[in-house]
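Heads up: the sequence shown begins at 17 in my numbering, then just goes up one per residue. We treat Cβ as the ideally placed atom computed from N, Cα and C, and that holds for glycine. Structure record follows, encoded as structure tokens.
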Amino acid sequence: MVSYICCTKLNSMKYIKLYLLVAFLIVSCKTVQETSNKADNLVIPVVQDTREIQGGMWIPSLLEGINEQEMMQLGSKMTAKDIYDVNNSSLKDAIVHFNGGCTSEIISPNGLLLTNHHCGYGAIQSHSTVEHDYLENGFWAKSYEEELSNPSMSVTFIKRIDDVTAEVFSGITETMDEAAKMKLINQNILKVTKKVQKESWQDANVKSFYDGNQYLLFVTEEYKDVRLVGAPPSSIGKFGADTDNWMWPRHTGDFSMFRIYADANNKPAEYSKDNVPYKPNHYLPISLDGVAEKDFTLVFGFPGSTDEYLPAVAVDQIVNVLNPAKIEVRDNALKIVDSYMRKDPAIKIQYASKFASIANYWKKWIGENQGIKKSNAIQKKKELEAEFSKIVAEKDLVGYSTLLSDFEKLYSEIESVSLARDYWIEVAYRNVELLNITFRAFQLEQAYLNGGDGAFEKVKEATINRFEGFYKNYSAEVDKPVFEKLVGLYAEKSPKEYLPANMQGVNFSDLTNRVYSNSKLTSLEGAKELLTGSPEEVMKKLNADEGYIFGKELHTVFYSKMEPKFQELNLQLRAVQKKYMKALMDVFPNKRFFPDANSTLRVTYGQVRGYEPKDGVYYNTTTYLDGVLEKYVPGDYEFDVPQKLRDLYNNKDYGQYAENGKMPVCFIGTNHTTGGNSGSPAIDAYGNLIGLNFDRVWEGTMSDMNYDPDICRNIMVDIRYVLFIVDKYAGAKNLIEEMKLVHPKK
């Protein structure tokens, strides 16, 4: 911005013109703090209600223009190139896909990674024993030498994003059926990835957007030496556990720290003691200034999956048919597992990560159903569809006239098999562990039948390796009552046309006792015994095992009846959905449409804001350590508080991280997030880290299908709480010294 004028030796006319120009600029523009990003010359649109520009998961390489202007309207001081730039350092260089599921960010010049505690939970658990319980007590490396390696963990950077839609659609014609189209599209994708320009250590993959109407190529770098650096005890990192999950107010310090290691040339490398800390192109400075109502927030990460453009009939089916079935299965499993975890510390360690995983989406589906109903989402979709049909008829858009009736027909046809498929997934694949073991053995048998001895040996080795890790956290004592309850529920509730014969007219108590008394698959030693010998010998032993016999029939019905029918109908639905997505953009050209999440790099922008979950109740934006002590229940695994944290609170020993004498813990914003955004950085208007995304409010979990700016809120750990725990609680000042702490507001 212009701050003064040197007018020496200007003639009067030039001086008057220059004065008028500067006066115009001063009147027309709001003075903002000048930053290195040079965003001042952007045109900021006037939007009376900022809810109009909340929501959406936008592709970072396509932010210039309207997205950039909307961010400025919400308070951002960054340009699109500050966020994503291929040729220069930008925010994207600090954002990392964490182990294929979560997001993490680099917060030091030495490759220090920050992510959620629940994202690092499996690694923390794998290093824990009853004697050295890092879940219970936390872990802090005070030097590089103390950091713990994680052989199966990796992190991925996005180096470049290219639009390859034209290449992928090459040769596609409207006369081709959907199977032929998809076959050619997949062939074209292979060609695109093979010819892409990239370095030898880089990878490339192509992803579909807008339900198959656009394709983007991502050039990536994967680093496979990732070491655990620090994690608070679960009483901090998982405070509130499943009771508080998806809830607000929240008081969870959901963070953990890792470090990326590279070879001597800063390139990806397998684990080696000779590797050195990775030197990033960019790392996030950390703001100590905190947040206030209406502050700009940018969440950058890898959201997993959303379905924002489903028709009303699909959402109705999810809310009233599919979700209730899955909720009931998991509700029963969780009650049984919880009863064992509460009375046995060893089982608690074994099942901690699995229990959290099962509970997470169980509670999410409950909140999602409630949110859809509260926001009247199905009716709103019906109203949009009525308007859509009216415009299609008025403009005689014949190609779009049958889309909604096609949806009605196909969702009616797919409902039964979808429900049966969900029961198989929830019971046979996810929640009854013995049946999951039989599924792995079933895959081994199929490999032998279809690929002979060579395929058998390859899959057998992978199966045994999988079993080594699986049985470490398996208890037949816990699994047995889960089997009896869930298999009985499956037999009672699943559509009969897809029910295996061995689940009909059965006494499930007798069946359970027989299976768990006789099957060798209830232990690692027994499983290895079954898998020892020639392929013929292994097949003979497997097919004589009580557990495998039962599981095999379930899996056979799934692959022979359920999956073919589901995929046949789903392929047709995908074709209609693709056309409907294009139709929506054609029929409503002035509406904004962002692509659904698909685990690719996205930005979502919003503001720090409270909300009103129900009449007469208003939730503020921020929680404090006071709330942790208010929830404190001595000895309770969800709400216990470590003595040291209580001492720090009582002494008000908060260091430089307090706000008006109080210790902030969490805050909420209007950012549109979903699974996969766990661990995503919350970034302020200037590009500094202010928080760590880890959850959504329960009333807003329906944002995967219907984002509502009035009640959809994401939950973030205040970065000052993270620093307070690292510094004052853990005494890991070595980590604080790595970071760049700033005061952008001051």
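Kindly give me the distance between the Cβ atoms of residue i and residue j, rounded to whole angstroms, as I take these residues to be in contact under 8 Å.
{"i": "Leu585", "j": "Leu326", "result": "Actually they do not touch by this definition, with Cβ atoms about 15 Å apart."}
{"i": "Pro319", "j": "Thr689", "result": "6 Å"}
{"i": "Ser168", "j": "Glu238", "result": "Not confirmed; about 13 Å, so no contact."}
{"i": "Ser764", "j": "Tyr137", "result": "This structure cannot settle anything about residue 764, because the visible part of the chain is limited to 17 through 762."}
{"i": "Glu12", "j": "Ile69", "result": "Lying before the first or after the last residue shown, residue 12 is absent from the chain, which here runs from 17 to 762."}
{"i": "Arg736", "j": "Leu314", "result": "Wrong, their Cβ atoms sit about 18 Å apart, outside the cutoff."}
{"i": "Ile343", "j": "Trp381", "result": "5 Å"}
{"i": "Asp743", "j": "Gly671", "result": "6 Å"}
Going by beta-carbon coordinates alone, are residue i and residue j separated by less than 8 Å?
{"i": "Ile453", "j": "Leu537", "result": "yes"}
{"i": "Ser321", "j": "Ala613", "result": "yes"}
{"i": "Val758", "j": "Asn704", "result": "yes"}
{"i": "Gly707", "j": "Met732", "result": "yes"}
{"i": "Gly253", "j": "Phe225", "result": "no"}
{"i": "Leu641", "j": "Tyr745", "result": "no"}
{"i": "Glu163", "j": "Val245", "result": "yes"}
{"i": "Val112", "j": "Ser106", "result": "no"}
{"i": "Asn392", "j": "Lys501", "result": "no"}
{"i": "Pro551", "j": "Phe472", "result": "yes"}
{"i": "Phe316", "j": "Leu129", "result": "no"}
{"i": "Thr172", "j": "Thr236", "result": "yes"}
{"i": "Ala328", "j": "Glu401", "result": "yes"}
{"i": "Pro516", "j": "Leu435", "result": "no"}
{"i": "Val184", "j": "Asn204", "result": "yes"}
{"i": "Gln593", "j": "Asp227", "result": "yes"}
{"i": "Tyr723", "j": "Glu324", "result": "yes"}
{"i": "Asn339", "j": "Asn385", "result": "yes"}
Considering residue i, what are the terminal residues of the alpha helix (DSSP H) in which it resides?
{"i": "Gly736", "result": "As written in the sequence, residue 736 is Arg, which differs from the Gly given in the question. From DSSP, the alpha helix (DSSP H) with Arg736 extends over 735-740."}
{"i": "Lys223", "result": "Element bounds for Lys223: not the alpha helix (DSSP H) but the beta strand (DSSP E), 219-225."}
{"i": "Gln588", "result": "579-603"}
{"i": "Gln120", "result": "First, the residue type needs correcting, since residue 120 is Ser and not Gln in the sequence shown. It is not in any alpha helix (DSSP H) - Ser120 instead sits in the beta strand (DSSP E) that spans 118-122."}
{"i": "Gln459", "result": "449-488"}
{"i": "Asp98", "result": "96-99"}
{"i": "Gly567", "result": "562-573"}
Tell me the DSSP secondary structure of residue i in three-state form.
{"i": "Thr181", "result": "helix"}
{"i": "Lys630", "result": "strand"}
{"i": "Asp412", "result": "coil"}
{"i": "Pro697", "result": "strand"}
{"i": "Asp775", "result": "An answer regarding residue 775 cannot be provided, because it is not within the stretch 17 to 762 covered by the chain."}
{"i": "Tyr621", "result": "strand"}
{"i": "Asn750", "result": "helix"}
{"i": "Glu429", "result": "helix"}
{"i": "Val171", "result": "strand"}
{"i": "Glu553", "result": "helix"}
{"i": "Glu675", "result": "strand"}
{"i": "Met755", "result": "coil"}
{"i": "Gly685", "result": "strand"}
{"i": "Phe610", "result": "coil"}
{"i": "Asn667", "result": "coil"}
{"i": "Gly691", "result": "coil"}
{"i": "Pro76", "result": "helix"}
{"i": "Arg176", "result": "strand"}
{"i": "Met192", "result": "coil"}
{"i": "Tyr367", "result": "helix"}
{"i": "Met88", "result": "helix"}
{"i": "Pro361", "result": "helix"}
{"i": "Asn53", "result": "For Asn53, the pLDDT reaches just 41, beneath the cut-off of 50, and the residue's location in the model is therefore unreliable, leaving the point undetermined."}
{"i": "Met732", "result": "strand"}
{"i": "Tyr635", "result": "strand"}
{"i": "Ile727", "result": "coil"}
{"i": "Pro497", "result": "helix"}
{"i": "Pro680", "result": "strand"}
Along the beta strand (DSSP E) that carries residue i, what are the first and last residues, could you check?
{"i": "Ser278", "result": "The sequence given here has Ala at residue 278, not Ser. Its beta strand (DSSP E) spans residues 272-278."}
{"i": "Ile188", "result": "That residue, Ile188, is in no beta strand (DSSP E); it is neither H nor E in DSSP."}
{"i": "Val112", "result": "111-114"}
{"i": "Thr639", "result": "638-640"}
Check whether the Cβ of residue i lies closer than 7 Å to any heavy atom of the ligand ADP, and answer yes or no.
{"i": "Gly127", "result": "For the ligand ADP, the structure offers nothing, since it holds no ligand at all."}
Ignoring anything shorter than 4 residues, give me the alpha helix (DSSP H) runs that lie fully in the stretch 129-165, in order along the chain.
Listed in chain order, they are 137-142, 150-153.
Would you mind listing the beta strand (DSSP E) stretches within the stretch 195-267 that are 3+ residues and don't spill past its ends, in chain order?
Complete beta strand (DSSP E) runs here, min 3: 219-225, 230-239, 241-247.
At which residue ranges does the stretch 272-329 contain complete beta strand (DSSP E) runs of 3 or more residues, listed in the order of the chain?
Correct list: 272-278, 312-317.
Threshold first: 4 residues or longer. Then list the alpha helix (DSSP H) segments lying entirely within the stretch 510-550, N to C.
524-534, 540-546
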